[in-house]
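To get the numbering used here, take the position in the sequence shown, counting from 1, and add 1258.
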Amino acid sequence: MDTVMQDTPLKSNPLNIVNGFRYVPGDHYLENVTFKQLKDFKHFYAQQVAEDPYAPGVRDRAMIKLVFNPYSLKLSVSNTQNYFQSYGANETDGGKVRVFPPLSESIVDDPLFLTVLRKDAELMREYCNRMGKDELNLSIHLIRYKSIEGGASYSSPVWLHLDDEPLVFIHLINLTENALGADNVISEMDNKPKHVLRLTNPLDTLVVDTMKKHAVTPLGSMGGVAYRDVMLVNLEAEVQQKK
Ligand SMILES: [Fe+2]
């Protein structure tokens, strides 16, 4: 059974965890978070992100891979820190292993991060129950989109897509008030946009599985430099476990 799982990308056999997408207001995550913890995390975030070597001038980012048991909440740093997406999931950067600026291992002790992860673990357990797993490979991405007035920052992949990951949590950390665009778009497999929503407040979250496609529109600025800071908690698929 294990062999079949490894050879078959989950996308061809999608798991319905949130019926394509779920919007979760930041309040849900902020319940047990103090103002200081959020402030400290924003500070940590700004220290960690560095220029994305695959999108210089457009994005800053940092990444760490973790091994997580959503039942016991046991968390450790993974032995491999490379990030792989299949070409099918990302025509821009798929099919190659990307190495991102490293995210400090100290994130595993950050109170805000642990609170967020404990909440995300609820849906991860649903995934594990159905897959008969108890340990997950996670990749945690801090991605800062930045744009000057008249410029643009954009996501990779740039438009509607399905990820390799069976479950992705997109947590907003900060969106500056001068931001233009940066709206999340959801479609069925026909690529026709069906829902548009926007992560505006800290920890507003979009959870996506592979039942529907998603995208985020490019970020522009109404004046000065605009930023959109997100933290992705990605549950990795077998196809992504390349050394
Ligand atoms: Fe995605």
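Note that the Cβ used here is the ideal one computed from N, Cα and C, for glycine as well.
With distances taken between CB atoms, is the gap from residue i to residue j smaller than 8 Å?
i	j	result
Arg1319	His1399	yes
Leu1381	Val1491	no
Asp1411	Asp1351	In the sequence on display, residue 1411 carries Ser and not Asp. The answer is no: Cβ separation not under 8 Å.
Asn1432	Tyr1485	yes
Thr1472	Leu1418	First, the residue type needs correcting, since residue 1472 is His and not Thr in the sequence shown. Going by C-beta atoms, His1472 is nearer than 8 Å to Leu1418.
Asn1459	Gly1284	yes
Phe1427	Asp1368	no
Met1509	Ser1397	Nothing in the structure corresponds to residue 1509, since the chain is present only between 1259 and 1501.
Leu1370	Leu1296	yes
Note down the Cα distance separating residue i from residue j, rounded to an integer number of angstroms.
i	j	result
Val1291	Val1282	16 Å
Glu1496	Leu1361	22 Å
Lys1377	Gly1278	19 Å
Asn1274	Arg1280	12 Å
Pro1424	Ala1347	12 Å
Leu1324	Val1366	9 Å
Gln1498	Val1465	19 Å
Phe1326	Val1416	29 Å
Asn1340	Ser1405	27 Å
Glu1446	Leu1372	33 Å
Asp1422	Leu1394	14 Å
Asp1392	Gly1409	44 Å
His1286	Ala1379	14 Å
Glu1384	Asp1462	21 Å
Thr1266	Thr1468	Here the model assigns Thr1266 a pLDDT of 42, short of 50, so the residue's position is not dependable and the matter cannot be decided.
Asp1487	Phe1358	16 Å
Arg1388	Pro1272	12 Å
Val1474	Ala1440	6 Å
Phe1302	Glu1363	12 Å
Leu1438	Gly1390	43 Å
Arg1317	Pro1311	9 Å
Lys1294	Gln1306	18 Å
Gly1482	Cys1386	44 Å
Thr1434	Leu1331	33 Å
Asn1449	Pro1476	17 Å
Glu1309	Tyr1403	10 Å
Glu1289	Glu1494	27 Å
Leu1268	Lys1470	Here the model assigns Leu1268 a pLDDT of 45, short of 50, so the residue's position is not dependable, and the following value carries that caveat. So the two alpha carbons sit approximately 14 Å from each other.
List the DSSP bridge partners of residue i.
i	result
Arg1317	Tyr1403
His1453	Ile1444
Leu1464	Tyr1281 and Ile1428
Glu1309	Asp1318
Ile1398	Ile1322 and Val1491
Leu1477	Ser1411 and Gly1439
Pro1360	Met1321
Val1355	Phe1342
From what residue to what residue does the beta strand (DSSP E) around residue i run?
i	result
Thr1338	That residue, Thr1338, is in no beta strand (DSSP E); it is neither H nor E in DSSP.
Ala1473	Lys1471 to Val1474
Asn1327	Per DSSP, Asn1327 belongs to no beta strand (DSSP E) and is neither H nor E.
Asn1492	Ala1484 to Leu1493
Provide the residue span of the alpha helix (DSSP H) that contains residue i, from first to last.
i	result
Thr1373	Pro1369 to Met1389
Gly1284	Gly1284 to Leu1288
His1429	Note, His1429: premise wrong, no alpha helix (DSSP H); beta strand (DSSP E) at Leu1425 to Leu1433.
Leu1296	Phe1293 to Gln1306
From the beta carbon of residue i, is the nearest beta carbon of chain C less than 8 Å away?
i	result
Glu1363	Among the protein chains of the structure shown there is no chain C, as only one such chain exists.
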